[in-house]
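A.B. asks: Here it is: the structure, laid out below.
Protein chains in written order, with the working numbering: chain A, 15 to 380; chain B, 15 to 380.
Now the structure itself:
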């Protein structure tokens, strides 16, 4: 596998039983939440009636500094539906682009044929036993997310990336060119300088710059660039910060992390955030209409099924002891009512759903 | 070019000057409309407050019988950005799928480098002088829209369709299989039976069925299937109806028509509807936020730009004497505020925009 960004330090797995109990409690709290939701809706409406459609503030202004995260989960198996190797890569590229467009912080690639029960001793999240489709999707997603100047370090030639050169770039704000001036930059630790307690980091500038921490060479880090008091551009130095800092401080989208989950259940139980996901949304043609607003949250997870829906992932994972996928989520939504095609493909559902949810997501945290 | 569906009988072209004058009047009426819009918004809000998010009716129910149309326009030149012939076809396929998902009735493929002034004598809408990208996009769109059993009549082997077999099918409701029971079916006139004033039409059943009108063989028609009083399935007969009937009567999505426009201006002036488009929406990163509802309309047109935005189409078409693309539209909208990628590609913008507009479009006509 390619590199996993520093923030993806997986928590110890939560047993499925505990998680299901926790879900039950959540269901009980749901009624309460819904009341809150309706009262929030009322407040919103009052506020909206004072603002004409002409003078609404743009969300660019609103989004400065963001304290919440957006995760999406989808089955990597969908790559097996592509007709040629080129189209298989293109499909992965579409998913990466959809995630970038909507500022997704984490993409979870799960195996819709996997079960947690079967893989109990083997759930590192980077399991080489995962089907090739899941591994390839993860690898292409990571490749596209990585700023171009760092790819040489992290992505040796690999069959999975054969057509990756054809894909549309993410054009993410953290993919800086050499001459771009930027407060934060992604970097690769090239050298540990023992005597001065520094490390040298390649952040895509003319030469590596020193940072204030001793780090193991080979790591990927986020660096806050500090200008030299003299203003000399050749004497830049840096400070290592968590990869979430650019998002939290400036609202600058800083790419996504990729996590592999051996089954649908593992999507929930191997959550990398200490607090867990606190708002779970499932998508299905059989779901409810999109609500006008959502309860406020810290970590939202939106889960998508493959050609056979989330039902397949649920059936396959024996550790999930519920009958209906809707039981797994706080909201189970049909984001495209009245669809003119009998099917919506996962890569299409990503764009449609995230666009349909965007107003509700934005209003939940403001 | 492939076939054009019967409804696409183009009106005589409106001179650009007349159209621009009409636009001016529209702008004047805009303020009035906006007032109406706000009052509608208020009414909506009152209604919404009475309905909990739980019991909202699904739009499937709402959409039974539809009297309005949705058109989209986009530059065919975007095909030139694709890296390989296979990906070029895939891009066309993505556009067709997006249109089907959102029940689009008409796709206008325009040449963003063309000018109406230059092509004054040559604006049939099926101009063979159009760039190959526009022609190929139109052809693939038509191919995918055509029910499988009719393709042999309308689509001889053609270089443009070389990779069309790899594309995801539209899975539109009017793509019936041989055994499907359906009230309406698309058909191909195989024979004119002079003595009985009938025609024989292949509607994808075991054998062609008779219809009550004398038609020129080779036409594509929409047929309402009538069962024989005896119930004998071998004695089915049909009645030719306008292709809009299934949509108007039952709300069944009946595919899209495809129109080529030699320039951005021709998108508006060569409108196939007698009344013209009465709600024009343009999309741009520099647009306004999406309003909560739109004024009611008969024929909405949503126009998309290519990599260089609608600005390129406007600059190229000397007949459009305005400085800013926003002047061409009733609403000029940024449908993805706070985007995490510097660019949104046209094929992505289709899904994002139509998903973001869907609530406003649906509320406008109910």
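Where a beta carbon is used, it is the ideal one built from N, C-alpha and C, also for glycine.
On the DSSP letters alone, give me the boundaries of the beta strand (DSSP E) that residue 301(B) sits inside.
C.D. replies: In the second chain, the residue the question calls residue 301(B) occupies position 287. Start and end: 293 to 302.
A.B. asks: Please confirm whether residue 264(B) has its beta-carbon closer than 9 angstroms to some beta-carbon of chain A.
C.D. replies: Taking the first residue of the second chain as position 1, residue 264(B) is located at position 250. Output row for residue 264(B): interface = no.
A.B. asks: Starting from the N-terminal side, write out each stretch of the beta strand (DSSP E) that is 3 residues or longer and does not extend beyond the segment 140 to 196 of chain A.
C.D. replies: List check, beta strand (DSSP E) in window: nothing returned.
A.B. asks: Mind checking who residue 251(A) pairs with in its DSSP beta bridge?
C.D. replies: Here residue 251(A) refers to the residue found at position 237 of the first chain. According to DSSP, which records beta bridges pairwise, residue 251(A) is partnered with 240(A).
A.B. asks: Within a Cβ cutoff of 8 angstroms, which residues of the same chain sit near residue 333(A), ignoring the five residues on either side of it in sequence?
C.D. replies: One-based indexing of the first chain puts residue 333(A) at position 319. 30, 129, 130, 131, 277 and 279, listed in sequence order.
A.B. asks: Name the residue from 359(B), 201(B) and 157(B) whose alpha carbon lies nearest to the alpha carbon of residue 220(B).
C.D. replies: Numbered from 1 along the second chain, position 206 holds the residue referred to as residue 220(B). With distances taken between Cα atoms, residue 220(B) lies closest to 201(B).
A.B. asks: Taking Cβ-Cβ distances shorter than 7 angstroms, what residues in chain B pair up with residue 353(A)?
C.D. replies: Locating residue 353(A) in the first chain gives position 339, counting from the first residue. Under the 7 angstroms cutoff, chain B gives 115.
A.B. asks: According to the Cβ coordinates, are residue 305(B) and residue 325(B) closer than 9 angstroms?
C.D. replies: The count along the second chain starts at 1 and reaches residue 305(B) at position 291. The count along the second chain starts at 1 and reaches residue 325(B) at position 311. Not in contact: residue 305(B) and residue 325(B) (Cβ atoms no closer than 9 angstroms).
A.B. asks: For residue 256(B), which three-state DSSP category applies?
C.D. replies: Against the second chain, residue 256(B) aligns to sequence position 242. Residue 256(B): coil per DSSP, three-state reduction.
A.B. asks: Under 9 angstroms between the Cβ atoms of residue 92(A) and residue 144(A)?
C.D. replies: Position 78 of the first chain, counting from 1, holds the residue named residue 92(A). Position 130 of the first chain, counting from 1, holds the residue named residue 144(A). The answer is no: Cβ separation not under 9 angstroms.
A.B. asks: What separation, rounded to the nearest whole angstrom, lies between the Cα atoms of residue 109(A) and residue 247(B)?
C.D. replies: The residue given as residue 109(A) occupies position 95 in the first chain. The residue given as residue 247(B) occupies position 233 in the second chain. For residue 109(A) and residue 247(B), the distance between alpha carbons rounds to 47 angstroms.
A.B. asks: Figure out for me which residue from 210(A), 181(A), 265(A) and 190(A) has the closest Cα to the Cα of residue 100(B).
C.D. replies: Locating residue 100(B) in the second chain gives position 86, where the first residue counts as 1. Minimum Cα distance to residue 100(B) is reached at 181(A).
A.B. asks: What are the partner residues of residue 357(B), as DSSP defines its beta bridges?
C.D. replies: The sequence position of residue 357(B) within the second chain is 343, counting from 1. DSSP, once it has assigned bridges, lists no residue as partnering residue 357(B).
A.B. asks: So, residue 212(B) versus residue 225(B), is the Cβ gap smaller than 9 angstroms?
C.D. replies: One-based indexing of the second chain puts residue 212(B) at position 198. One-based indexing of the second chain puts residue 225(B) at position 211. Contact: yes.
A.B. asks: Give, in chain order, every unbroken run of the beta strand (DSSP E) that is at least 3 residues long and sits entirely within the segment 307 to 361 of chain A.
C.D. replies: If we require 3 residues or more, the beta strand (DSSP E) runs fully inside the segment 307 to 361 of chain A come out as 313 to 317 and 345 to 347.
A.B. asks: Counting only beta-carbon separations shorter than 9 angstroms, does residue 378(B) have a partner in chain A?
C.D. replies: Position 364 of the second chain, counted from the first residue, corresponds to residue 378(B). Not an interface residue.
A.B. asks: Count the other C-beta atoms from every protein chain shown that fall within 10 angstroms of the C-beta of residue 147(A), then say buried if there are 16 or more, exposed otherwise.
C.D. replies: Position 133 of the first chain holds residue 147(A). The residue is buried, with at least 16 neighbouring Cβ atoms inside 10 Å.
A.B. asks: Quick one: which residues of the segment 78 to 100 of chain A get their C-beta closer than 7 angstroms to a C-beta of chain B? List them in chain order.
C.D. replies: From the segment 78 to 100 of chain A, only 97, 98 and 100 have a Cβ closer than 7 angstroms to chain B.
A.B. asks: Chain A beta carbons: is any one of them nearer than 9 angstroms to that of residue 194(B)?
C.D. replies: As a position in the second chain, residue 194(B) is number 180, starting the count at 1. No, no contact with chain A.
A.B. asks: Between which two residues does the alpha helix (DSSP H) holding residue 87(A) run?
C.D. replies: As a first step, residue 87(A) must be located in the first chain, where it is residue number 73. Here residue 87(A) belongs to no alpha helix (DSSP H); instead the beta strand (DSSP E) covers 83 to 89.
A.B. asks: Compute the distance between the beta-carbons of residue 124(B) and residue 96(B), then report whether it is under 9 angstroms.
C.D. replies: For the purposes of this step, residue 124(B) is identified with residue 110 of the second chain, where counting begins at 1. For the purposes of this step, residue 96(B) is identified with residue 82 of the second chain, where counting begins at 1. Result no, Cβ atoms of residue 124(B) and residue 96(B) do not sit closer than 9 angstroms.
A.B. asks: Can you pull the chain A neighbours of residue 357(B), defined as C-beta to C-beta under 7 angstroms?
C.D. replies: Looking up residue 357(B) in the second chain gives position 343. Under the 7 angstroms cutoff, chain A gives 185.
A.B. asks: Using a Cβ-Cβ cutoff of less than 6 angstroms, which residues in the same chain neighbour residue 379(A) once the five nearest sequence positions on both sides are dropped?
C.D. replies: Counting from one through the first chain, the residue named residue 379(A) turns up at place 365. Once the five neighbours on either side are set aside, the close Cβ partners of residue 379(A) are 82 and 310.
A.B. asks: Run through DSSP, which three-state label would residue 282(B) get?
C.D. replies: Residue 282(B) sits at position 268 when you count from the first residue of the second chain. In this structure, residue 282(B) counts as helix in the three-state DSSP scheme.
A.B. asks: Note down, in chain order, all residues in the segment 266 to 289 of chain B with a beta-carbon under 8 angstroms from any beta-carbon belonging to chain A.
C.D. replies: Residues 267.
A.B. asks: Does residue 204(B) come out as helix, strand or coil in the three-state DSSP assignment?
C.D. replies: Here residue 204(B) corresponds to residue number 190 of the second chain, with the count starting at 1. Reduced to three states, the DSSP call for residue 204(B) is strand.
A.B. asks: For a test of the three-state rule: what should DSSP assign to residue 276(A), helix, strand or coil?
C.D. replies: Start at 1 with the first residue of the first chain, and residue 276(A) comes out as number 262. Coil, per DSSP.
A.B. asks: Could you list which residues in chain B have their beta carbon closer than 8 angstroms to that of residue 111(A), in chain order?
C.D. replies: To locate residue 111(A), count along the first chain from 1; it is residue 97. Neighbours of residue 111(A) on chain B, chain order: 355, 359 and 362.
A.B. asks: Report the option in 366(A), 269(A), 261(A) and 313(A) whose CA atom is closest to the CA atom of residue 297(A).
C.D. replies: The residue given as residue 297(A) occupies position 283 in the first chain. Of the listed residues, the one whose Cα sits closest to residue 297(A) is 366(A).
A.B. asks: What first and last residue would you give for the alpha helix (DSSP H) that runs through residue 100(A)?
C.D. replies: The residue given as residue 100(A) occupies position 86 in the first chain. Note, residue 100(A): alpha helix (DSSP H), 99 to 115.
A.B. asks: Cβ closer than 8 angstroms: which chain C residues qualify as neighbours of residue 180(A)?
C.D. replies: You won't find chain C in this structure, because its protein chains are A and B.
A.B. asks: Quick one: list the residues of chain A neighbouring residue 370(B), beta-carbon separation under 9 angstroms, in chain order.
C.D. replies: In the second chain, counting from the first residue as 1, residue 370(B) sits at position 356. By Cβ distance, chain A contributes 369, 370, 372 and 373.
A.B. asks: How would you list, in chain order, the residues of chain B whose beta-carbon sits under 7 angstroms from the beta-carbon of residue 316(A)?
C.D. replies: Along the first chain, read from residue 1 onward, the residue named residue 316(A) stands at position 302. Near residue 316(A) there are no residues of chain B at all, since even the closest Cβ is about 14 angstroms away, more than 7 angstroms.
A.B. asks: Please report the distance separating the alpha-carbon of residue 172(A) from that of residue 274(A).
C.D. replies: On the first chain, position 158 is the one that residue 172(A) refers to. On the first chain, position 260 is the one that residue 274(A) refers to. Straight-line Cα distance between these residues: approximately 19 angstroms.
A.B. asks: Among the residues of its own chain, which have a CB less than 6 angstroms from the CB of residue 301(A), if the five just before and after it don't count?
C.D. replies: On the first chain, residue 301(A) is found 287 positions in, with the first residue counted as 1. Excluding positions up to five away in sequence, the list reads 346, 347 and 348.
A.B. asks: Between residue 199(B) and residue 237(B), which are expected to be in contact by the criterion C-beta below 8 angstroms, what is the C-beta distance as a whole number of angstroms?
C.D. replies: Position 185 of the second chain, counting from 1, holds the residue named residue 199(B). Position 223 of the second chain, counting from 1, holds the residue named residue 237(B). Yes, they are in contact, since the Cβ atoms of residue 199(B) and residue 237(B) sit about 5 angstroms apart, within 8 angstroms.
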